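Residue numbers (the working numbering): 769 to 813.
Below is the structure:
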């Protein structure tokens, strides 16, 4: 049976469990700053 037909737990076990995923924060900095600018800051702009 195909792994995707076995459901989320089978996919998770096969592809995600015990993965060492570390985001490269330097590479994401500009994205975070853009997102921060879009957030409401409790004042009328």
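Ideal Cβ positions, reconstructed from N, Cα and C, are used throughout, including at glycine.
The structure displayed is predicted, hence computed values, not measured ones.
Starting from residue i, follow the alpha helix (DSSP H) in both directions and report where the run begins and ends.
| i | result |
| --- | --- |
| residue 794 | 793 to 806 |
| residue 770 | Counting along the chain, residue 770 falls outside any alpha helix (DSSP H), and DSSP gives it neither H nor E. |
Quick one: grab the DSSP three-state call for residue i.
| i | result |
| --- | --- |
| residue 809 | coil |
| residue 787 | coil |
Check whether the Cβ of residue i lies closer than 8 Å to any Cβ atom in chain B.
| i | result |
| --- | --- |
| residue 789 | Among the chains in the structure shown there is no chain B, since it carries only a single protein chain. |
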